[in-house]
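Using the working numbering, the first residue of the sequence shown is number 2, and each one after it goes up by one.
For glycine and all other residues, C-beta sits at the position ideal for the given N, C-alpha and C.
Notes follow the structure.
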Amino acid sequence: MTRLAIIGMGRGGSLLLSLFKRYKDIDIVGVADKNEDAPGLKKARSEGIITKTDLKELIEIADLDMVVDTTGDPNVPTEIKNIKPSIEILGGVSSRLLWGLIEEHKDREKEVKETLREQKRLYDIGILLSSVEKIDVALDIIVDNAMKLTRSPAGSIVLYQEERNEMSLKIAKGLSPRFSEKPTWKIRHGGMIEDILKQRSPTHIPDIRKEPSFASPVRDREGIRSLIATPLVADDKILGIIYVYDFKPRVFSEKEISILSLFSTQASFALAKIQLMEELEERFQARTVELRENRSKLEAMISGMYEGVIFCDKDNRISIFNEVAERLLKIKKKGKIRSSIKDCHSPSLLEKVMLLIDDFRFGRKRSYSIEKRINDQILLCNFASIMHDKTYLGTLMVFRDVTEEKNLHKRLIEVEKMATLGEVTSTIAHEIRNPLVSVGGFTRRLHNMIIKQPSYKRYRRYTELIIKEVDRLEEMLRNVVDYSRELEFNLSSRDINELISKKISLMSDLFKEKRIKSKIDLYPNLPNVYIDQDNITQVFINIISNSIHAMPNGGILSIRTLPLKKDDIDKGVSIEISDTGGGIPPDIEHNVFNPFFTTKDKRIGLGLPLTKKIIDSLGGSIELTNKIGKGLTVVIKLPTKGTRGL
């Protein structure tokens with residue numbers, strides 16, 4: 002290690018002290034200067050280095066290898082040699098050379114620091130630009146910093162509209178408002194802007210007055226004398242030009258031009274990113290508006306459909322649920338959007354729906370249809386998978402109320418059956434009635450003859466039996482003809498409670514005879530129903546007769562009336578007739594409305610079929626609630642006036 006002392010601690014000595022302190026193989030033993038206030042002495046004291054004002058005291062320090070003389074005094078080296086002849090002295094030309102090296106080092110260090118500051122500044126600007134989302138804000142930042150980086154008093158930025166071959170002034174700073182009076186202009190062939198765009202590199206004009214091709218009335222009016230024009234280029238696409246101006250002739254340094262060029266690259270990519278984001282945002286907004294409009298149209302179409310529609314996505318979440326589906330499934334729509342499909346089906350249908358969705362999801366099925374009775378309706382349920390290529394997107398469910406169609410179809414079948422039956426029965430009745438009349442007539446004549454001849458009285462019981470059976474056959478023929486012929490109605494608005502009360506009053510003696518108690522519960526102020534009095538009376542007789550027959554040992558006959566309402570609007574009335582006769586065996590329940598089906602002796606099974614025919618013709622309905630071992634309830638629903646059906 003070299004042990005070193007420095008003499009002369011002015012500015013040069015102070016700099017040498019800082020320089021030598023950086024090297025580990027140099028040990029600065031001490032410093033000396035006649036001036037106690039020399040800056041080098043103060044610095045040495047602060048760093049714990051020995052300081053002297055007497056040269057001799059410093060030189061006499063043991064093991065000193067070298068003395069650096071910065072005083073410039075020619076007597077100092079001689080004085081040092083007299084004190085210690087063996088010591089090496091660095092001074093004169095060597096000292097000045099060393100000083101020069103120090104100055105150069107200082108300048109380079111300053112330049113490096115400046116470069117680092119500029120790079121740090123560019124980095125900070127880049128971070129700032131990367132966080133900006135609006136192009137106007139970014140343009141303002143770019144012009145501001147271009148002026149600061151080149152220490153220019155004014156600046157502007159113009160953007161290039163390639164499709165229109167135009168330039169558009171966006172930001173101008175340090176200039177009068179008149180500068181921006183014409184914000185858009187066409188690019189002139191052979192002009193400065195065309196030249197700048199072609200070169201795609203900074204254009205430096207130290208004095209515009211010496212460059213006639215770059216002269217401009219607008220710039221002249223503003224007093225602009227010098228400028229740098231730097232194109233903004235990203236991915237080989239020209240975005241615009243950054244200008245910095247000075248109001249005096251000025252030669253911008255290579256460093257200023259270089260850093261502005263570097264900054265323009267950074268700004269170009271920031272602008273390109275923002276423009277792309279804004280373009281994507283515009284497309285997104287336009288697409289969003291389009292999708293919103295399409296969705297509104299779709300929702301309007303779906304809302305106007307007669308079918309119920311539900312769509313659930315791939316996660317089984319509902320995104321479409323129209324009012325018809327709400328009504329058909331008896332499920333409130335509110336709160337169901339985005340909820341699980343499991344919340345929108347009756348238990349009887351849910352299991353099937355979930356199995357179908359699994360089949361759709363894995364491509365085992367594409368569509369499926371099923372008829373399902375839900376509440377008092379028959380629904381045709383259609384299911385279809387919605388796919389994009391091979392990706393499952395969701396399931397579309399369409400529900401249609403086919404109750405009326407089914408009832409109409411059923412009625413058409415019955416009408417056809419009745420028509421066929423009418424033709425057959427009319428033919429049979431005609432063929433049977435003629436010989437039956439003859440048999441009845443001759444038997445009655447024979448019977449009268451037997452009565453007059455006492456010797457033939459033993460044959461009287463035979464003729465009486467024949468007459469009785471002929472009468473029964475004639476009654477059966479009348480019933481068959483009545484059932485098969487078209488019903489005739491004299492419709493009028495009637496109080497159903499009044500009709501029931503009269504009929505029960507007339508049958509009170511029969512109830513006593515059959516040991517039957519009647520329980521009558523008539524709802525007050527029922528709306529009138531639109532019926533034929535004679536036919537509806539026949540309905541009550543048929544049903545009550547069946548109930549009496551079902552209770553041979555007595556029982557309870559209950560009759561109750563209720564209003565039928567839908568959305569607080571009167572739709573009709575309901576008549577419930579119940580007995581305690583033990584009900585109908587399950588194996589024959591489905592046949593009770595079929596013509597000629599009976600379990601009673603000497604009956605032909607037309608009572609309930611005729612009852613149903615009358616109720617159906619009035620636009621009503623009839624249903625049975627069978628409780629084995631307890632009894633049977635017949636529910637009749639009749640419409641109010643002006644209502645075609647329930």
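Handout entry: CA nearest to the CA of Tyr124, picked from Thr421, Lys249 and Ile260
Key = Checking every option, the nearest Cα to that of Tyr124 belongs to Ile260.
Exercise for the section: Give every residue of the same chain whose Cβ lies closer than 7 Å to the Cβ of Ile90, excluding the five residues on either side of it in the sequence, and list them in chain order. Expected result: Val68, Asp70, Pro78 and Ile81
Problem - Residue of Met10, Ile29, Thr72 and Arg367 minimising C-alpha distance to Lys43 - result: Met10
Practice task
Identify whether Leu160 lies in helix, strand or coil by the three-state DSSP scheme.
Solution key: strand
Problem - Any beta strand (DSSP E) of 3 or more consecutive residues that is wholly inside the region 373-399 - result: 378-389
Problem - Residues near Arg412 by beta carbon distance below 8 Å, same chain, minus five either side - result: Asp617
Problem - Candidates Leu563, Lys274, Lys366 and Val540: closest to Leu611 by CA position - result: Val540
Problem - Exposure of Ser320, with buried meaning 16 or more beta-carbon neighbours within 10 Å - result: Result: exposed.
Exercise for the section: Would you kindly work out how many angstroms separate the C-alpha atoms of Gly49 and Ser19, rounded to a whole number? Expected result: 13 Å
Practice task
Name the residue from Leu478, Gln454 and Glu291 whose alpha carbon lies nearest to the alpha carbon of Pro436.
Solution key: Leu478
Handout entry: Validate contact between the region 620-631 and the region 550-570 using beta carbons, cut 8 Å, 3 pairs
Key = no
Exercise for the section: Determine the burial state of Lys391: buried for a count of at least 16 other Cβ atoms within 10 Å of its Cβ, exposed for fewer. Expected result: exposed
Problem - Cβ pair Leu170, Ser157 closer than 8 Å - result: yes
Handout entry: Any beta strand (DSSP E) of 3 or more consecutive residues that is wholly inside the region 123-195
Key = 155-162, 167-174 and 185-187
Problem - Residue from Ser202, Ile578, Thr421 and Asp472 with nearest C-alpha to Ile433 - result: Asp472
Practice task
Compute the Euclidean distance between the alpha carbons of Ile225 and Met193, then round it to the nearest angstrom.
Solution key: 15 Å
Handout entry: Range of the contiguous alpha helix (DSSP H) that encloses Gly241
Key = Here Gly241 belongs to no alpha helix (DSSP H); instead the beta strand (DSSP E) covers Lys238 to Asp247.
Problem - Helix, strand or coil at Pro436 [DSSP, three-state] - result: Note: Pro436 maps to helix in three-state DSSP.
Handout entry: Identified DSSP bridge partners for Gly31
Key = Ala6 and Ile51
Practice task
Could you check if Leu466 is buried or exposed, using at least 16 other CB atoms within 10 Å of its CB as the buried criterion?
Solution key: exposed
Exercise for the section: Report yes if the C-beta distance between Ile84 and Glu61 is below 8 Å; otherwise report no. Expected result: Yes, the Cβ-Cβ distance between Ile84 and Glu61 is below 8 Å.
Exercise for the section: Helix, strand or coil for Glu624, going by three-state DSSP, please let me know. Expected result: strand
Handout entry: Where Gly632 sits in the DSSP three-state scheme
Key = Gly632 falls in the strand class under three-state DSSP.
Practice task
May I ask you to report which of helix, strand or coil DSSP gives Leu619?
Solution key: coil
Handout entry: Whole-angstrom distance between Thr562 and Met302, CA atom to CA atom
Key = 41 Å
Practice task
Could you check the C-alpha separation between Leu474 and Asn408 for me, to the nearest Å?
Solution key: 34 Å
Exercise for the section: Using only alpha-carbon positions, find the residue among Val574, Leu447 and Leu281 that is nearest to Ile497. Expected result: Val574
Handout entry: Neighbourhood of Gly14 by C-beta distance below 6 Å, restricted to the same chain and skipping five residues each side
Key = Ile7, Gly41 and Thr71
Problem - Simplified DSSP state of Ile570, which is helix, strand or coil - result: In this predicted model, Ile570 has a pLDDT of only 48, less than 50, meaning its place in the structure is not dependable; the value taken from the coordinates is given anyway. Ile570: strand per DSSP, three-state reduction.
Handout entry: Rounded Cβ spacing between Arg251 and Ser227 (contact assumed at less than 8 Å)
Key = 4 Å
Handout entry: Cβ-based burial, Val234 [other Cβ within 10 Å; buried from 16]
Key = buried
Handout entry: Euclidean distance between Cα positions of Asn554 and Glu417
Key = 41 Å
Practice task
Ignore the nearest five residues each way along the sequence and tell me which others in Met2's own chain have a CB closer than 6 Å to its CB.
Solution key: In chain order, Asp26 and Asp28 place their CB closer than 6 Å to the CB of Met2, counting only its own chain and leaving out the 5 sequence neighbours on each side.
Handout entry: CA-to-CA distance, Leu380 to Val403, given in whole angstroms
Key = Between Val403 and Leu380, the C-alpha separation is close to 6 Å.
Exercise for the section: Drop a sphere of 10 angstroms on the beta-carbon of Asp533, count the other beta-carbons inside from all chains shown, and report buried for 16 or more, exposed for fewer. Expected result: Within a 10 Å sphere around the beta-carbon of Asp533 sit 16 or more other beta-carbons, which makes this residue buried.
Problem - For Glu405, the nearest candidate out of Ser47, Gly620, Gly442 and Asn166 (CA to CA) - result: Gly620
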